[in-house]
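Report on the structure given below.
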Amino acid sequence: MPLIVRTLFFAAYRDLAGEPSAEVELPDGARVSDLVACLRERGGAFARLPPRPAVALNRCYASLEDELRAGDEVALIPPVAGG
Amino acid sequence: MPLIVRTLFFAAYRDLAGEPSAEVELPDGARVSDLVACLRERGGAFARLPPRPAVALNRCYASLEDELRAGDEVALIPPVAGG
Amino acid sequence: MARAVLVREPIDPARLLASVEDDAHGAALLFLGVVRDHVAGRAVRGIRYEAYEEMAADVLGAIVTEACRLLGTDRITVEHRVGALAVGEVSLGIAVSSPHRAEAYDASRYIIEEVKRRLPVWKQERYAEGGEAWVEGALPPAGPGRGPRP
Amino acid sequence: MARAVLVREPIDPARLLASVEDDAHGAALLFLGVVRDHVAGRAVRGIRYEAYEEMAADVLGAIVTEACRLLGTDRITVEHRVGALAVGEVSLGIAVSSPHRAEAYDASRYIIEEVKRRLPVWKQERYAEGGEAWVEGALPPAGPGRGPRP
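In the order they appear, the protein sequences are chains A, B, C and D.
With the numbering used here as the guide, the letters of the first sequence map in order to residues 1 to 83.
With the numbering used here as the guide, the letters of the second sequence map in order to residues 1001 to 1083.
With the numbering used here as the guide, the letters of the third sequence map in order to residues 2001 to 2150.
With the numbering used here as the guide, the letters of the fourth sequence map in order to residues 3001 to 3150.
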C-alpha cells in the first residue's frame, strides 16, 4: 500500500520548492532518503534540493535512513541560523 | 630626617585600628614593612594586625619591601570582597 | 519555572530579567542577540527570522532543560523572536540567575551555542541597497534514527 | 566610551544596557551581582559595601581597559555600588556589547573575576538574627615594587 507523507520546506528550501509543503506518495517501506530522491526527480527547482539534506521526522532531527510510516511529517531542514 | 606617612585602614583593619587613618613617623629609609611593624608595636588592637598584610602605596598595590618617601599614602588592604 | 518561547512581539529585556529574579540568587546574566546594521561589509536594513515553529518550540525547551541541569536551578527564560526585525531590535534574549556566577555564565553560553547549532530557525538578511539573502547557517545534528518498526 | 564607576545610588540595569548599545554590535551581555538573602545557611538582611574609593576607581578603570582589549571594542559600562544594600539590590552591574558573542562573554567574565581578585572593596554581612561580619575575601596581588629611589 503506498504511503502519503506530508513534507515541509523552510527558508531557502521553500524558495526552491516554490511552496511550503507537499504531499508525496511513496511505496511501502520507503525511507526518508527515498522521499528526497523522489522530490529531486520532479525536476525544475526541486532538482536543486541537496541530495542529503538534514531532515526532521515528526519534529525531531532524524536520519535519512529512517523508514517512513503513514502519517509522518517530514521537514527538510536547511542549515540553521537562529540567535 | 624622619618621615611622616599617612596610613589608611579599611574594613576589618579599621575595626582593629579603631580609626580610619593614622600618621606614622618613621626613620628615613624605612620600608612599608617597618611601618606595619611600628603599628603592631603600638599594642592593643593594633597588635592584631597581620604581620604581612597586603598593602597599597599611593593607591597602587605595593610590596612590603618598598621604601617609603615623604608624602606617601599607605593603605593596609584586608582580603578584598567586591562584586 | 524555566520558560522558552518563540515570540512575534518585541522582546522586553527588563521583563526577562525580572522573570528570573530570586532572593537566594547572587548572579543574574542577560544575553541579547541584536540585529546588526551590517554583515561582512554590507549594510543591512533588517532581518526576517523564520522558524519551524512547532519543532523550534520543542528544541528550545529541550535546550533550556539541559541548561537548567548545568545551572542547578530552573531560573531561565529564553525568548526567540520570529518575523521581520529592524536594526537594533532584539532577536534572542536569554536570562538566567543562580546562586553563583560561574554556573550563570556556563548555562547562558550553553543556550546560545545550542541555539546556533540546532534550533530550526533561519534568517534572511535584507540589504540597504536592495535584495535579500538567506544566511548560510550551521548543519544541524542528524537524529539518532527511529529504529525498527514496532 | 568605556565607563567604570563606584556609585552610591541604585544601579539601573536598563541604563547600563542602553549605554553600550551600538548598531554595529550583535551581542550584548549584562551581568548583575545581587545581594542574596542568605550566606552559608545564615539569613542575611543586607550587605554594606565599603571601598578605598580613590584606589578602587583607578583599579576598576584599569580592569575595564584590559577588558576592552579582550572585547575589541570600548562598549563597556561597569558600576559597583557602595554603602548599605538590601537583599535583592544590585551591587555590581557589567554591561558589554560587541559584534560577536564570544568576546562579549569573555570580557564580561574577565571583569567579574578581576573585580573579585583585586578591587579594593569589602563587604559586611548583616544578619537577620542580628550581628554583622566582614566577609573573608581574596588576598589581592602584591604590587611590582616601586624600584630604587629616583
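All residues carry an ideal CB built from backbone N, CA and C; glycine is no exception.
If you're wondering where the values come from, they're calculated on a predicted model, not measured in any experiment.
Item	Value
Span of the alpha helix (DSSP H) holding D:G3131?	First-last for D:G3131: undefined, no H or E at that position.
So, does the CB of D:E3054 fall closer than 8 Å to a CB anywhere in chain B?	yes
Of all the residues that make up the segment 6-19 of chain A, which are near chain C by a beta-carbon distance shorter than 8 Å?	L8, F10, A11, A12 and D15
Can you grab the Cα-Cα spacing for the pair C:L2060 / A:V80, in whole Å?	13 Å
Does A:R48 come within less than 8 Å of chain C when only Cβ atoms are used?	no
At a CB-CB cut-off below 7 Å, which residues of chain D make contact with B:C1060?	G3143
By the three-class DSSP mapping on this structure, what secondary structure does D:G3041 have?	coil
The alpha helix (DSSP H) spanning C:L2016 covers which residue range?	P2013 to S2019
Anything in chain C within Cβ reach of D:A3024, meaning under 8 Å, just list it in chain order.	R2036, D2037 and H2038
Give the straight-line distance between the Cα atoms of D:E3054 and B:A1011, rounded to the nearest whole angstrom.	15 Å
Which runs of the beta strand (DSSP E), 3 residues or longer, sit entirely within the segment 2062-2142 of chain C?	2076-2081, 2083-2086, 2090-2098, 2121-2127 and 2132-2134
How would you label C:G2130, buried or exposed, when you count the other beta carbons within 10 angstroms and need 16 or more for buried?	exposed
Just verifying my parser: in three-state terms, what is the DSSP assignment at B:Y1061?	strand
Once DSSP output is grouped into helix, strand and coil, what is the label at C:E2035?	Here residue 2035 of chain C turns out to be Val, not Glu, going by the sequence shown. Looking at C:V2035 - three-state DSSP - the assignment turns out to be coil, as it is neither helix nor strand.
Mind checking which residues open and close the beta strand (DSSP E) that includes C:R2003?	R2003 to V2007
Can you tell me where the beta strand (DSSP E) with A:A22 in it begins and where it stops?	S21 to L26
Beta-carbon of C:A2004 versus every beta-carbon of chain A: anything under 8 Å?	no
Flag A:G83 as yes if its beta-carbon sits less than 8 Å from any beta-carbon of chain C, otherwise no.	yes
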